[in-house]
Amino acid sequence: MSLGIPQLSLVIWVPILAGVAVLFTGSDRNAALARWLALLGALAGFLVAIPLYTGFDTLNPGMQFTEMHPWIETFNINYHLGVDGLSVLFILLTSFTTVLVVLAGWRVIEKKVAQYMAAFLIMSGVMNGVFASLDAILFYVFWEAMLIPMFIAIGVWGGPNRVYAAVKFFLYTLLGSLLMLVAFIYLYHVSGGSFEILDYQKMPIPMVPQVLIFLAFFTAFAVKVPMWPVHTWLPDAHVEAPTGGSVVLAAIMLKLGAYGFLRFSLPIVPDASHMLSGFMITLSLIAVVYIGLVALVQGDMKKLIAYSSISHMGFVTLGIFLFNAYGMEGALVQMLSHGFVSGALFLCVGVMYDRVHSRQIADYGGVANRMPMFAAFFMLFAMANSGLPGTSGFVGEFMVVMGAIKSNFWYAFFAATTLVFGAAYTLWMYKRVVFGKVANQHVEQLSDIGLREFVILALLAVAVLAMGIYPLPFTEVMHASVNGLLNHVAQSKLY
Amino acid sequence: MTDMQKLYLLVPLAPLFGAVIVGLFGHWIGRRPSHWVAIIGVAVSFAASVTIFKDVLAGNTFNGSVYTWLTSGDTRFEVGFLIDRLSVLMMLVVTFVSLMVHIYTIGYMRDDPGYQRFFSYISLFTFSMLMLVMSNNYLQLFFGWEAVGLVSYLLIGFWHTRPSAIYANLKAFLVNRVGDFGFLLGIGLVLWQFGTLDYAAVFARAPEMASQTIQLFPGHAWSLMSVICILLFVGAMGKSAQFPLHVWLPDSMEGPTPISALIHAATMVTAGIFMVARMSPLFELSDTALSVVMVIGGITTLFMAFLAVVQTDIKRVIAYSTLSQLGYMTVALGASAYAAGIFHLMTHAFFKALLFLAAGSVIIAMHHEQDMRKMGGLYKYMPITYLTSLIGGLALSGIPPFAGFFSKDAIIEAVGMSHLPGSGFAYFATVSAVFLTALYTFRMLFLTFHGKPRMDEHTRQHLRESPWVVWLPLVLLAIPSVFAGWRFIQPLLFGDYFGSAIVVSPQHDALIEMGQEFAAHGGLSGFIAHGVAALPFWLALAGIGTAWFLYMKRTDLPAKIAERSGVVYTILLRKYGFDEFNDWFFAGGARRIGGFLWRIGDVTIIDGFFVNGTARVIGWGSRLIRRLQSGLIYHYAFTMIIGALVMVTWFVRS
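Going line by line, the protein sequences match chains A and B. Residues in the first sequence are numbered consecutively from 11, following this note's numbering. Residues in the second sequence are numbered consecutively from 312, following this note's numbering.
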C-alpha cells in the first residue's frame, strides 16, 4: 500500500522543512529566492499528497497509510498517523490551497517575505498533522501549533486593527481547546492509560461523562467551525488578515472544527451526540438563517464573505448531526466545496484590494468595465457561493437538504432558505461591485488580472466546476468511512 | 451506445460546444466565426431533434442514464435522458425558436460590443433548456431549471452598466430562487418518500402513495401528494411567472429583445408548464393541487391581461401578454388538459417569439425607442415586419384559422368541463381575458403601425425595413403561427399523440370528451364552426373592434377614459403595487432584520456583552487586585498586621 514510504509524514514534514528552509533565506534582500523556494516547497507538498488519493483503498473503512512510533513513552504518547475517507481529501485540499496562497502573496507581500511564506508553509504541514493524527496528544499539539503561524500572519501582515483581531482569534480558540485537553486527560485516565483516539472510540462510557465530554469537545470545535453564537472572532480575523490568511482560514481552518466533530464527538460519545443533536441542529439552522441575514447588510466585502462562510458551515454541522448518509456526505462535500469557493472569493477580493486598497463595497462599482476576465471568474465563484447546480456549491447543500428532510421537514425548510438568502447577499454584493457604470477614479484605473492571478483563479474554477459536474470521484472516497461511522454511531456505548 | 443515443447526446452538447468555444475564444476568433460556431451548434441540435422526432414517432423511446453523478447511501443520482413524445416536442420547439433567435441576433446585436458574449450566452441557454426538457430525473431537471435561470440572469443584465438592467436581473434571480426554494423541498419530499429521483420509478409507485399523508404541523395530516405537488408547483410559479411570483418577468424586458423572445416568452418561462405536464402522474392524484394550479393560473390570466392594456412600452405590452398567456397554460394544467397546455405552449412559442422579434425589428428602426406613443404609421416603412406582426397578433387574439385560436379555445372548453373547485372562476377568467387579449394586442398594432406617425422627423426619415437576417426569422416564425393550430390540433389533443407521456385519470379527462365531440361534429371544420359560434370568438372580435374604435377612430377617448377611471387606472399603472410592497416588505424587511441581528445580536450582545464584557470584567478585576501590590512597605506591613489580627482572633475563638 505505502511501499514503506511514510506518506503522511511526508505531507506533514515536507512543507514544514521547506518553511524552515525559506526562513533561512533571511532578509528581504533575498525575497525572490524566498518566493521561489516557497513555491517549490508548496508544490512538493502537493506532490507528496497525491499518492494519498491515488493509493487510497475506497473499500476500506479503516485507517490507511498508518505510521506508529513511540514518542513520550512515560505517558504512552505515540506518533501515530493515519487517514480514512473522512480526512484524506482535506490533506489534499490543504496542500492544494498552500500552492495558491504562495502564488497569491507573490507580489503583494513585500515586507518580511521569507517569514510570510514560511508561516504559511509551516501552517500547511501542521494542519495536515491535525488531519492525520491518531493520537490525542499529537492531535492536540498540532491543533494548538497551527494557531501560532496564523496568529503571526494576522498580527504582522494584517490590517490596521490587526492586533485586536489576532488576540481575539487566539484567545477564542485557545480557550475552547483547553476543555478539549481536559477531556483527553479524563479519557486517558478511564481508558487505563491510552491516548489512542481509536481506543476511545471503542470504549464504553456512561451517559453523564459522555455529555460532559461532548460539551468539552463542543467548546473546542464549535469555536473553530465557528457555530453561532461563538462566531464573532471570524469576521474580525478575516477583515484584518492578509489575503493568504483569509484563504487558509476559510478554506481549511474552519474545516478542522467540523472534522473534530466527525473524528471525536460522534464516535467517542455517540449517545451524547444523539441526545444533543437537536441542540446542534438548532444552532446550525440559526447559523444558516441568522447569519445569512446578517451577511446581507455588510458593507465590507471580506466581512460579508466571512459571514457567508459561517452560514455555509452551518450546513456542515447540520449535515453531521442528521446521522444519515446524505447529511454526512453532504457535510463533507460542503466542507471541500467551501474550501474552494470561499478561498476563491477571498482571492477575488484580494485581487481588487491589491489594486484599490479598499474592501468597502461602496468604493467599487462597474469593475466589469475594466476587468472583464476577472468579472467572469468572480461571477462563477459568486454563483458557486449561491449554490448553483453545476458548481461544487450545490452538491453539498443539496445533499444536506435531502438528508434534513428525512429527519424533519422544517429542518430542510429553514436550511433551504439559503437558496434565497445566499443568492441575495452574494449577488447583491456582486451587483454593486462589478456591475454598473465605472464608479470612480480608482475603478477607472483598474487593470485586468495578470497571468499569475489567472492561473490561481483558473485552477479554482476548474475545481469548482469539476466537483459540480462530476462529484462522484470525491464522494467515492468517503463512502466506506462514512458508512463505518454511521454504523458505529448507531450503536450505544452505554453499559 | 447506439447511433440514436449518440444523437441524443449531440442535441444538448452541440450548443454547449458553441457556447464554450465562443465564450472562451470568441474574443480571439472574431465576430463572424463566433456567430457561425454558435449557429451551427444550434442548427445541428435542431437537425438532430428532427431526426429524433421521426424516430420517436416510429415508436422508439428512450429512458436511460448517461453517467452517475453521485452515489450516497443506497441512492444513485444520475444524469440521464428521457426521450418520449413530450420531451421531443419540447426539443423541437426549443431548438427551432433558438435557431431563429440566433440568426436574428446577427442583425439585432450587430453594433454591440458584447456580440460574442451574447452568442455564448444564448447557446448556453439552449444547452440548459435542453438538459431540462430531456432529463429523466428530478436532479437534472433542477440543474437545467437553475441553469436557465442563471443564463436569464446574465442576459437580463447583459447591458450591465444600466442601473435598471442590473436591478431587474437580480430581482429575476431572487424571485426565481423563491420558487426554487419550494421546488427543492418538493424534490426532497419525493426523494424521501420514494427513495429515488428517477421519473419512471417515481411515477410507477405514485398510485400506491396516493392515500399517504404527512404531518407538517402536529395534528394536521395532509395528503402527501398534495404537499409534493403544491411545492413543485411553487417552483413552476417562479419560473413560469405565475401570480404572485410574476413580478420579475415585466422587468426582464431590460434584456436585449432576442432573449425576450427566446427566454422570456417562448422557452424558459414555459419550463414550469412543461414540468407540471411531465409530473402529470403525480398531479392527477391530488385534486387539491390541481385546484390550486387552476386558480393561480386564472388569477394570472385575467389580472395580467388588464395590465397589458395600459402599458406604453411595446415590449412591456408583450411581456404582460406573456404572463396572461402563461396563465392560460397553467389553467389548462389545472383542468388536467395537459395536452392543451402543451399545445398552447407550442403555438404561443411561435407567435409570441414572432411578436417579440417583430417588436425588436421596430425598435431597431426606431433607434431603440420603445414607447408606442412615439410610433405610428410604421406599416408603410416596414411591410414585412407589419405583416408578420399582424399574423402574430391575430394568432394571439385567437382568430381562426391562426394558431392561437385552436389552442386557446381548447383550453377554455376544457376548463368549462372541469368540476374541480375553482374551475368556475378559471372559466370566467379565461373567457374574459379573450376580450382583453384582443384589445391590448390590436391597441399595440394600431399604435405602432397605423395612424399618424408620431416620431420626430429625423427618425422618420431613417425608417426602413430591417435587414434579411432580421426579417427572415419573422417569416419563418409566421408560418407555424398560421398553420400549427389546425394542422396539429387533432393529433396533439385528440389523437393520443402523447400516449403514456402524459397521464390523465378518467374522472378528470375533459379532452376525451372533447375528442368525441370533435370526431362527431366533423373534425376540424366542426371545431372551427363550433368555435366561431361560441362566446370567446365574439369577445375577441369585440376586443379588436374596441381597439379600433379607441385607437383609430376616436383617439381622444383613451385619455378621457384614463382620467375618468382615476383610481382604477392608477392601480393598473402601478401594477397593483406588488413592486412597492415587495421592495418594502421583503427586500427592506430582510435588510432591517439583518441590520438588527447584526447590530444588536452580534455587535452589542455577543461581542459587546459576552466577549469584550468578559475581557472587561477580567481587566477590572485585575486592576482591583493590582492595587494591593502597591510596592509600599507600609501597605504590606499594615496588611500583615490585619492578617495577623484575624488569625489570632480565629485561634483564640476556637
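Built from N, CA and C at the ideal position, the CB exists for glycine as well. The model shown is predicted, which means the values in this text are computed figures rather than measured ones.
Taking the Cβ atoms as the reference, B/Leu774 lies roughly 4 Å from B/Tyr692, within the contact range of under 8 Å.
Exposed is the label assigned to B/Thr915, since fewer than 16 other Cβ atoms lie within 10 Å of its Cβ. Gly468, His471, Thr472, Pro474: these are the residues of the segment 463-475 of chain B whose beta carbon lies less than 7 Å from some beta carbon of chain A, given in chain order.
Chain A has no Cβ within less than 9 Å of the Cβ of B/Asp423. A/Leu398 and A/Ala433 have their alpha carbons spaced roughly 9 Å apart. Residue state for B/Asn374 is assigned as strand, using DSSP reduced to three classes. Per DSSP, A/Val93 is not a residue of any alpha helix (DSSP H); the beta strand (DSSP E) it occupies stretches across 87-93. Collapsing the DSSP output to three states places B/Val815 in coil. Using a Cβ-Cβ distance cut-off of 8 Å, the segment 390-405 of chain A and the segment 262-270 of chain A are not in contact, since fewer than three pairs of beta carbons, one from each stretch, lie closer than that value. DSSP, reduced to helix, strand and coil, places A/Met383 within a helical segment of the structure shown. Classified as buried, A/Lys234 has 16 or more neighbouring CB atoms from the shown chains inside 10 Å of its CB. Following the DSSP letters along the chain, one finds B/Leu393 inside the beta strand (DSSP E) bounded by residues 386-394. Using a 10 angstroms sphere on the CB of B/Leu335, the tally of other CB atoms stays under 16, which defines it as exposed.
Residue state for B/Pro712 is assigned as coil, using DSSP reduced to three classes. With respect to A/Ala124, A/Leu33 sits close: the two C-beta atoms are nearer than 9 Å. Between the alpha carbons of B/Ala616 and B/Ala858 lies a gap of roughly 14 Å. The Cβ atoms of A/Asp246 and A/Leu504 lie no closer than 9 Å to each other. Take the alpha-carbon of A/Gly115 and the one of A/Asp209: they are about 42 Å apart. Within the segment 178-232 of chain A, the runs of alpha helix (DSSP H) that reach at least 4 residues and sit entirely inside it are, in chain order, 207-212.
Segment contact: the segment 662-672 of chain B against the segment 776-794 of chain B, three or more CB-CB distances shorter than 8 Å; contact assigned. One alpha carbon belongs to A/Met213, the other to A/Leu306, and they sit about 46 Å apart. Shown in chain order are the members of the segment 295-322 of chain A whose Cβ falls below 7 Å from a Cβ of chain B: Tyr300, Leu303, Val304, Leu306, Val307.
Non-local beta-carbon contacts of B/Tyr432 in its own chain, meaning distances under 6 Å to residues more than five positions away in sequence, involve Val462, Leu465, Leu466 in chain order.
Going by DSSP, B/Gln636 is part of no beta strand (DSSP E) but of the alpha helix (DSSP H) stretching over 625-645. A/Pro216 sits exposed, since fewer than 16 C-beta atoms from the chains shown fall within 10 Å of its C-beta. With a beta-carbon spacing of about 6 Å, B/Thr741 and B/Ile722 fall inside the 8 Å limit used to define contacts. Listed along the chain, the chain A residues whose CB falls inside 8 Å of the CB of B/Asp491 are Leu429.
By the criterion of a C-beta distance shorter than 6 Å, B/Ile570 is surrounded in its chain by Leu466, once the five residues flanking it on both sides are discounted. Contact between A/Asp310 and A/Arg365 is ruled out by a C-beta separation of about 17 Å, above the 8 Å threshold. Counted as a single uninterrupted DSSP element, the beta strand (DSSP E) harbouring A/Met78 occupies residues 74-82.
Sequence-distant partners of A/Arg172 (beyond 5 residues in either direction) whose C-beta falls short of 6 Å from its own C-beta, in its chain, are Ile164, Gly165, Glu250. Scanning chain A for C-beta atoms nearer than 9 Å to the C-beta of B/Arg902 yields Leu303, Leu306, Val307, reported in chain order.
With a threshold of 16 other beta carbon atoms within 10 Å, B/Ala870 falls short and is exposed. For the segment 375-391 of chain A, the beta-carbon criterion of a distance under 9 Å to any beta-carbon of chain B is satisfied by Gly376, Ala378, Asn379, Pro382, Ala385, Ala386, Met389. Nearest CB-CB separation between B/Glu457 and chain A: below the 9 Å threshold. Interface criterion met: the Cβ of A/Asn334 is under 9 Å from a Cβ in chain B.
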